[in-house]
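The next block holds one structure in the form of structure tokens; read it before the comments.
There are 2 protein chains.
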Amino acid sequence: MPESTPTIALAADRDAAALRAAARPATRAGRAGRQLARSHKVSPVRPGLPGGQYRPLTDRDLERIHATALDVLAELGMAEATDEILDIARAKGCTLGADGRLRFPRALIEDVIAGAAKSYVLHGRNPDRSIEVGGDRVHFCTSGEAVRVLDFQTGQYRPSTLVDLYDLQRLADSLEHVHNVGQTVVATDLDDAFVHDINVAYASAAATTKPFGISSATAAHVPQIIALFDTILGGEGKFQKRPFCVIGGCPIVSPLRFGRHTSEVMVATTRAGLVADMCVATQAGATSPAALAGTLVQTVAETLACLAIVNFIRPGHPMHLGLWPFVSDLRTGAFTGGGGEEALLQAASAQIARFYGLPSSISAGMTDAKRPDGQAGFEKGVTVALAATAGGNLISEVAGMVGSLMGASFETMVIDNEMLGIIQRALKGIEVTDESLSFDVIKEVISGPGHYLGHPQTLALMSSEYLYPKIADRSSLSAWEEEGSIGILEKARKEAKRVLAMHYPESIEPKADAAIRERFPIRLAAADMRAGNGRW
Amino acid sequence: MPESTPTIALAADRDAAALRAAARPATRAGRAGRQLARSHKVSPVRPGLPGGQYRPLTDRDLERIHATALDVLAELGMAEATDEILDIARAKGCTLGADGRLRFPRALIEDVIAGAAKSYVLHGRNPDRSIEVGGDRVHFCTSGEAVRVLDFQTGQYRPSTLVDLYDLQRLADSLEHVHNVGQTVVATDLDDAFVHDINVAYASAAATTKPFGISSATAAHVPQIIALFDTILGGEGKFQKRPFCVIGGCPIVSPLRFGRHTSEVMVATTRAGLVADMCVATQAGATSPAALAGTLVQTVAETLACLAIVNFIRPGHPMHLGLWPFVSDLRTGAFTGGGGEEALLQAASAQIARFYGLPSSISAGMTDAKRPDGQAGFEKGVTVALAATAGGNLISEVAGMVGSLMGASFETMVIDNEMLGIIQRALKGIEVTDESLSFDVIKEVISGPGHYLGHPQTLALMSSEYLYPKIADRSSLSAWEEEGSIGILEKARKEAKRVLAMHYPESIEPKADAAIRERFPIRLAAADMRAGNGRW
């Protein structure tokens, strides 16, 4: 290699060596110094950092999508409204056509939007973990309801179970960049719908003190789930005062139909004073137009129909726009979540909710890869970075999901958490102040040491402005080789195993637990909820 | 699993099956139909799609960074200007202080910015591959000058060679989303600086008909490299009429010093009428302030100093702002390229160049991972998505680079190309027109089949609006398992091997080749430049 060839890599390596040497005395030598620095550090990221800097649609685009969505609701309307929804909607001025479709006058929808909740709180059992959904605040969630799990021991897929759900929720509970714990998998080992739903509720409440969400197959389960949570809290009515769980689903069957059971759940939770959950999962080219703008129009229309029903029941009720447009691979018909069209649809959805000034749930974070490999990395990286900078409030399909939402993976969840850290650091933005512009610092350095290594500004900011990865590799090539050439998958496996072997939140008190087990068909064995169960 | 549990994954799976079934007749059954659809498809992406929708800095931030950079140039100035640069700059009104620093009056820099080239052309040997750099047009490039390569056979790192460079450039030549071929590796097997540079020039010209770039260790090599290219083109002066190669480097040694040899190269290429290449590679916390805003100020100041010198020599000369701020991991001093701070600095750099209305080169696309694993995926995904949507013109460190720019990898280049496809699809945006808003299509579908599968809009757009991956997996879980559970790394290996075994561009005619080999110390064996050489 010619000595004088100007290579960035070499310059960087030289800089690194110099910096290492110079940094040591300043931060106290070696490991102890670094540990000290870390223990004193104030994390540069926090839940709810501001998005909205990325705007894939113009203002004119937004207006036109909105106007066409209103045309769809006013002229085409929604099919298969339940009798209850018909009664509610007609009382407010909607009309039922001879074609059985419920039509929403434009002005009525405009009024609904104007009166809808601008933000709401998702309560954690631990109040420090509550989050406020809305504005430009970005939060990351698990979700997905996959039916398979990438088995930790074999590395192969198998049907997901209740214990998997409990373990995945425990892992999500431990990961600092996951702010809301959605239902990652279905417990396919539970046949009965009620047994399934009540156990998902129980396992989630046992696994996390963050706000969490579950699905309910029918409205009839909602009071039972509320009773379970009341038992945890030790008194009837306690849960509804400060609900730590969202019970919901997808109230729409696209195109433009209400789902019977799912819309009943939405109505029931609204009447119960719980957050009205909603995601509208269109699929471009299959259940919504192949034109991306058309898919947004239909998704917005369907979402606004749900918003209207909920606000007819309780004006200003806590809810978000759950704009979840998906994409079909039109060569094969396969559902796909990792492409550029999907990234655009998700970011545009976030922007549309901001246009309305309403909270949003966005489906970004999927991958079509089956394992947490390079494909999973870039598909999640691109889609989440764009949805977050577009200002999605609840970015919902990130942590742990693989295989186009058909699978969940422990290792993937740990890797995704790492990615969410760097995206949050990007969201935090660049502080531009007299001090940070650094004229005086630059002046001191060029007339002094000629580098910034030991400068007080550097030492101050290293612990407050820089986010350091927990498992992502930053070692030198030679150090990496000496340490066995370990990639992130292996590190994530180790971290997941470490957490799952020891992190049993025990967030249900023994007395409440006994009462729950007496009243409900709980299938999660107490032995599986303690360390030393042999699973990890 | 309860049948009535509303899971997105199940709904998606059902949709996919229905779509598959319905799509078949419409696109002619099976493989043949899909191939037909593909062969007729117009790619939805092209080089130079528009960025700029992501704006991490406010207008006020931009003004303040600009004003402070001008303060730095006017009050602190640049050290170690060569005599030639001093003569040029003082003639235009710069002053040399008693401290040896060259100061640039604010108004002079403002004039330079106003008169600088707003765009320029990078010519390909194949004119269809030429690109126009500037405006909101985003292009992707290789670059990096690593000193190691991830060996394709062993999977271990080893020093990079001239043959590696030739092979990496051939691979870049074949990848549709790489628009400009930079120098990925140093030929560490060549000791002599001149032998190195002339062989890098030769190997690159032999490997690609896209526009490409190389470094030159000293200005003295520039006329020799021009002579080599003239020989390829068959006549003296021909290269400079339509130069297909940029010769350059990093003319700055931060903080605020000119590099002697590298600034001489910049001056020499400018005088020769070639694009004045420039990247200013600061390192936050080491060679520039730890405050990100301060690093931008210093990087902008250093970049504007280069812009000034070049424009003093030739007003309006083709060049870009090469804003390449890097980050130090302040715990260890290691150079790092994959974090959120880096993503922000790169996107902000793109935005700053757009603020000036000048072309940009941006360093995004790095990873600190040592192999193309999940970490490499998300670090590249996040950094490139943000730099591209911020409107960087030449995004320069993407394809193939790993290990914090210390290594290059064939498989990584193929995977990165796939990622660049989806990012370009996102850049293309959502077309919002009467037609794409799809009111009439929605109306037809709800009163007709109830889905969009065979609709003429779907069939028309499947071949023009959707980008299909080449190697990224989109199969169902069961198909993926049946086909051997293959991840993207294995597919990328296969694709790299396929291309490298057959793609020998032979872009230097035998007569010219003989003349070059007679005049210059060419070390790339002719046998290595033909299929069947046993390397692949």
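The listed protein sequences derive, respectively, from chains A and B. Counting from 1, one number per residue, gives the positions in the first sequence under the numbering used here. Counting from 1001, one number per residue, gives the positions in the second sequence under the numbering used here. Glycine is no exception: its CB is placed at the ideal position from the N, C-alpha and C atoms.
Using a Cβ-Cβ distance cut-off of 8 Å, determine whether residue i contacts chain B.
i: H179 of chain A; result: no
i: R31 of chain A; result: Below a pLDDT of 50, predicted positions are generally treated as unreliable, and R31 of chain A, at 43, falls in that range; the measurement from the model is reported next regardless. Cβ-Cβ to chain B under 8 Å: no for R31 of chain A.
i: L330 of chain A; result: yes
i: H40 of chain A; result: Legend: pLDDT at H40 of chain A = 45, less than 50; position of this residue unreliable, value from coordinates given subsequently. Chain B, which has no Cβ nearer than 8 Å to the Cβ of H40 of chain A, makes this no.
i: I542 of chain A; result: Since the displayed chain A opens at 1 and closes at 536, residue 542 of chain A lies outside it and no answer follows.
i: V138 of chain A; result: no
Checking the sheet assignment: what are the DSSP bridge partners for residue i?
i: A79 of chain A; result: A:R257
i: A408 of chain A; result: A:V149, A:M401
i: M1319 of chain B; result: B:A1276
i: N1180 of chain B; result: B:C1141
i: R1103 of chain B; result: B:T1095
i: G134 of chain A; result: A:S119
i: P1050 of chain B; result: B:R1137
i: A1334 of chain B; result: B:D1329
On the CB-based measure, 16 or more other CB atoms within 10 Å of its CB, does residue i come out buried or exposed?
i: M1502 of chain B; result: exposed
i: V1042 of chain B; result: exposed
i: R1530 of chain B; result: exposed
i: T154 of chain A; result: exposed
i: R60 of chain A; result: exposed
i: D1095 of chain B; result: Residue identity check: residue 1095 of chain B is Thr in the sequence provided, not Asp. That one is exposed.
i: G77 of chain A; result: buried
i: E1483 of chain B; result: exposed
i: G365 of chain A; result: buried
i: T58 of chain A; result: exposed
i: I522 of chain A; result: buried
i: S1478 of chain B; result: exposed
i: S1447 of chain B; result: exposed
i: E341 of chain A; result: buried
i: T1433 of chain B; result: exposed
i: Q1375 of chain B; result: buried
i: P1223 of chain B; result: exposed
I'd like the list of long-range same chain contacts for residue i, defined as Cβ closer than 8 Å, with 5 residues on each side in sequence excluded.
i: I85 of chain A; result: L102, F258, S263, V267, I309
i: P505 of chain A; result: R170, D173, A206, A207, T208, T209
i: G1093 of chain B; result: P1105, L1108
i: G400 of chain A; result: T142, G144, L168, L171, A172, T184, A408, S409, F410, T412, M413, D416
With a threshold of 7 Å on Cβ separation, who are the neighbours of residue i within its own chain once the five nearest residues in sequence on each side are excluded?
i: H40 of chain A; result: Residue placement at H40 of chain A cannot be trusted, given a pLDDT of 45 that sits under 50; the coordinates are not used to answer.
i: A281 of chain A; result: C250, W324, F326
i: A1347 of chain B; result: Y1054, P1056, L1386, A1387, A1390
i: H317 of chain A; result: A117, T270, A276, V310, N311
i: P44 of chain A; result: R425, K428, S464, E465, Y466, L467
i: T1480 of chain B; result: The sequence as given places Trp at residue 1480 of chain B; Thr does not occur at that position. Here the set comprises D1473.
i: V200 of chain A; result: L165, Q183, A187, I214
Under a CB-based cut-off of 8 Å, is residue i close to chain A?
i: A1268 of chain B; result: no
i: L1489 of chain B; result: yes
i: Q1457 of chain B; result: yes
i: D1368 of chain B; result: yes
i: D1277 of chain B; result: no
Going by DSSP, what residue range makes up the alpha helix (DSSP H) through residue i?
i: L190 of chain A; result: L190 of chain A -> no alpha helix (DSSP H), and no H or E assigned at all.
i: L459 of chain A; result: 456 to 462
i: R1371 of chain B; result: Run containing R1371 of chain B: none; DSSP gives neither H nor E here.
i: H139 of chain A; result: No alpha helix (DSSP H) contains H139 of chain A, which is instead part of the beta strand (DSSP E) from 137 to 140.
i: D1329 of chain B; result: Taken as a continuous stretch (DSSP letters only), D1329 of chain B belongs to no alpha helix (DSSP H), being part of the beta strand (DSSP E) at 1326 to 1329.
Which two residues bound the contiguous beta strand (DSSP E) that contains residue i?
i: I362 of chain A; result: 360 to 362
i: C1245 of chain B; result: 1245 to 1248
i: R158 of chain A; result: 157 to 159
i: D1071 of chain B; result: Note, D1071 of chain B: premise wrong, no beta strand (DSSP E); alpha helix (DSSP H) at 1059 to 1071.
i: V121 of chain A; result: 119 to 122
So does residue i have its beta carbon nearer than 7 Å to some heavy atom of the ligand NAD?
i: T1336 of chain B; result: In the structure on display, the ligand NAD does not appear, and there are no ligands present to speak of.
Which same chain residues, not among the five before or five after residue i, have their C-beta less than 6 Å away from its C-beta?
i: A343 of chain A; result: V382, T383, L386
i: L321 of chain A; result: T303, A353, L358, S360
Give a yes or no on whether 8 Å exceeds the smallest Cβ distance from residue i to chain E.
i: L437 of chain A; result: Included in the structure are the protein chains A and B, with no chain E among them.
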